[in-house]
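What follows is a single structure, written as structure tokens, with notes after it.
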Amino acid sequence: MAEAGDGRPSEDPVKRRLEATAAAIGAVLAIGTLGVIVWDGVRDQDRPALVTLKAEATHAHEPGFVVEIVAFNSGDETAAALLVEGTLRQGDQVIETSQATFDYVPIRSERRGGLIFSQDPRRFELVLTAKGYIEP
Amino acid sequence: MSFATGLARAFGGAVLFAFPLLMTMEMWQLGFSMSRLRLAIFIALTLPLLFGLSYYSGFEKTATRGEDAEDAFVAFGVGFVASALLLALFGMITREMPLGEIVGKIGIQTVPASIGAMVASKQFHADQEDESGEDAEKRASYPGELFLMAAGAIFVAFNVAPTEEMIVIAFTMTPWHAVALAVVSVMMLHALVYAVGFAGQEEPPESAGFRLTFLHFIIAGYGIALLVSLYVLWTFERTVGVSVAEAAMMTVVLAFPAALGAATARLVI
């Protein structure tokens with residue numbers, strides 16, 4: 000920021016306008032940031048983390064099979080250390096169980112992971128359950 | 000100095016002051032997990048902080064309070080954009096994330112980044128004019144001293160408070176450790192402010208005795224460090240569900256770096 004000889008800010012009109020524009024942008028960003036955060040906070044209904052799970056594609060590779068899973072948190076609290084268990088079933092019989100732990104699933108967000116099985120999950124029924132989590 | 004150069008310096012300052020936190024895992028998590036209310040308050044308080052920094056130093060000599068307000072918003076904008084760019088570069092904010100998460104992550108990083116943008120001039124300015132008498136007088140005023148100490152304390156406390164190690168130290172220490180740390184913090188504050196020959200060193204007023212100066216600057220400074228530490232801990236929800244004794248321990252632990260920040264604020268700002 001230029002200074003005239005006596006240390007006062009320059010009176011150059013172009014510079015003044017640039018500074019004012021930058022300040023206006025800064026003000027918009029500040030108000031926008033606070034607005035979004037407060038709006039987010041207002042939506043909070045104080046429910047705990049509510050996790051839903053979905054299985055997507057299954058991939059076969061040498062040692063076994065990987066099922067891509069997606070965890071979505073529709074609650075009002077971040078879920079930390081979320082333990083997810085996938086069970087392969089045939090009728091009442093449990094064929095195989097695998098687990099995965101998600102470090103964090105933030106509110107209204109999804110996180111992706113994978114469950115690894117030695118049997119082909121496509122031949123059986125895959126049941127996904129979220130077992131538990133902690134508040135960060 | 001042209002506007003573009005000033006802006007570039009501000010961006011440099013923002014990145015320099017904010018990059019340790021931009022690369023800290025806990026900060027990304029806090030962006031989405033910390034209380035929205037406390038985050039909003041923290042970010043809102045940055046604006047008067049920037050205003051005060053502009054008044055006492057800032058990246059240009061300001062003649063009116065309107066210019067201070069203008070510079071505060073420019074610094075905020077620079078901090079915001081710098082944080083957003085780096086977070087996007089690191090892949091810490093992506094298109095798939097909800098808006099609240101993105102804004103929260105950028106917002107919390109904007110606090111140190113905007114402070115860095117504001118004080119950038121002092122760091123990068125090779126041709127800094129000699130400080131005018133009026134400026135030096137403003138800074139040496141008692142409220143000015145207290146403000147600068149608070150600003151330094153907030154900045155340093157905020158840099159270490161998000162991490163897990165901070166509370167691990169508090170859990171591991173015994174109360175006797177904490178008392179010793181408090182004493183050492185006060186001694187360190189005294190030594191840094193008076194005994195070591197820093198450029199911004201305060202000259203003890205001729206008329207005041209040692210006890211008065213000690214009270215006014217050192218004890219007040221440590222008090223500020225404690226209050227700032229408690230506030231920062233509260234902001235990061237470290238005090239939730241914690242006993243008073245434990246909260247006091249955490250405050251003393253955080254007040255050690257906060258006191259360091261308070262003592263050295265005038266070198267940087």
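Keeping their order, the protein sequence lines are chains A and B.
Per numbering that gives the first Met the number 0, the very first residue in the first sequence carries number 0; after that it's consecutive.
Per numbering that gives the first Met the number 0, the very first residue in the second sequence carries number 0; after that it's consecutive.
Just so it is clear, CB atoms sit at the ideal spot from N, CA and C, and this is done for glycine as well.
- By the rule that beta-carbons nearer than 7 angstroms mark a contact, valine 50(A) does not touch chain B.
- The three-state reading of DSSP puts arginine 94(B) in coil, since its state is none of H, G, I, E or B.
- Shown in chain order are the members of the segment 63-88 of chain A whose Cβ falls below 7 angstroms from a Cβ of chain B: Thr77.
- Between the beta-carbon of valine 83(A) and that of alanine 129(A) there is about 6 angstroms, and that keeps the pair under the 8 angstroms contact cut.
- Taken through DSSP and simplified to helix, strand or coil, leucine 125(A) comes out as strand.
- In this chain, the alpha helix (DSSP H) harbouring arginine 64(B) covers 64-88.
- By the neighbour-count definition (other C-beta atoms within 10 Å, threshold 16), glutamate 61(A) is an exposed residue.
- Against proline 97(B), the close residues of chain A are Asp39, Pro105, Ile106, Arg107, Ser108, in the order they occur along the chain (beta-carbon pairs closer than 9 angstroms).
- According to the DSSP assignment, arginine 42(A) belongs to no beta strand (DSSP E), since it is labelled neither H nor E.
- Per the DSSP secondary-structure output, glutamine 92(A) pairs in a beta bridge with Gln89(A).
- For tyrosine 54(B), DSSP assigns no beta-bridge partner whatsoever.
- With a 10 Å radius around the Cβ and a threshold of 16 neighbouring Cβ atoms, proline 256(B) comes out buried.
- In this structure, the CA atom of alanine 179(B) is about 41 angstroms from the CA atom of aspartate 75(A).
- Look at arginine 35(B): its C-beta is under 7 angstroms from a C-beta on chain A.
- Here DSSP, grouped into helix, strand and coil, assigns glutamate 55(A) to strand.
- Annotation: the segment 154-202 of chain B contains the following complete segments of the alpha helix (DSSP H) (minimum length 4 residues), in chain order: 163-171, 174-189.
- Residue nearest to glycine 103(B) within the set Leu125(A), Ile106(A), Ile94(A) is Ile106(A) (criterion: CA-CA distance).
- Taking a contact as a CB-CB distance under 8 angstroms, the pair arginine 94(B) and isoleucine 166(B) does not count as one, their CB atoms being some 34 angstroms apart.
- For valine 118(B), the three-state secondary structure derived from DSSP is helix.
- Along the segment 21-32 of chain B, going in chain order, the ones with a CB nearer than 8 angstroms to a CB of chain A are Gln28, Phe31, Ser32.
- At a cut-off of 7 angstroms between beta-carbon atoms, lysine 14(A) makes contact with chain B.
- Among the residues facing chain B, proline 135(A) is included, as its CB has a counterpart in that chain under 7 angstroms away.
- One Cα belongs to isoleucine 68(A), the other to leucine 87(A), and the distance between them is close to 14 angstroms.
- Judged by DSSP secondary structure, phenylalanine 116(A) falls within the beta strand (DSSP E) whose first and last residues are 108-116.
- Alanine 26(A) reaches chain B at Phe72, counting residues in chain order whose Cβ is nearer than 7 angstroms.
- Within the DSSP bridge table, the entry for threonine 100(A) names Leu82(A) as partners.
- Secondary structure note for glutamate 25(B): its alpha helix (DSSP H) is the uninterrupted segment 24-32.
- Residue pairing by DSSP puts glutamate 67(A) in a beta bridge opposite Gly113(A).
- Shown here is that no member of the segment 152-183 of chain B has a Cβ falling below 9 angstroms from a Cβ of chain A.
- Using a 10 angstroms sphere on the CB of alanine 119(B), the tally of other CB atoms reaches 16 or more, which defines it as buried.
- Between alanine 70(A) and leucine 52(A), the gap from beta carbon to beta carbon is short of 7 angstroms.
- Counting along the chain, the unbroken alpha helix (DSSP H) around phenylalanine 16(B) starts and ends at 2-21.
- Judged by DSSP in its simplified three-state form, glycine 131(A) adopts strand.
- Fewer than three Cβ pairs drawn from the segment 179-194 of chain B and the segment 79-91 of chain B lie within less than 8 angstroms of each other, which leaves the two stretches out of contact.
- Taking 7 angstroms as the cut-off, the Cβ atoms of alanine 258(B) and alanine 224(B) count as close.
- Under the criterion of beta carbons closer than 8 angstroms, glutamate 134(A) and alanine 59(A) do not qualify as touching, at roughly 37 angstroms.
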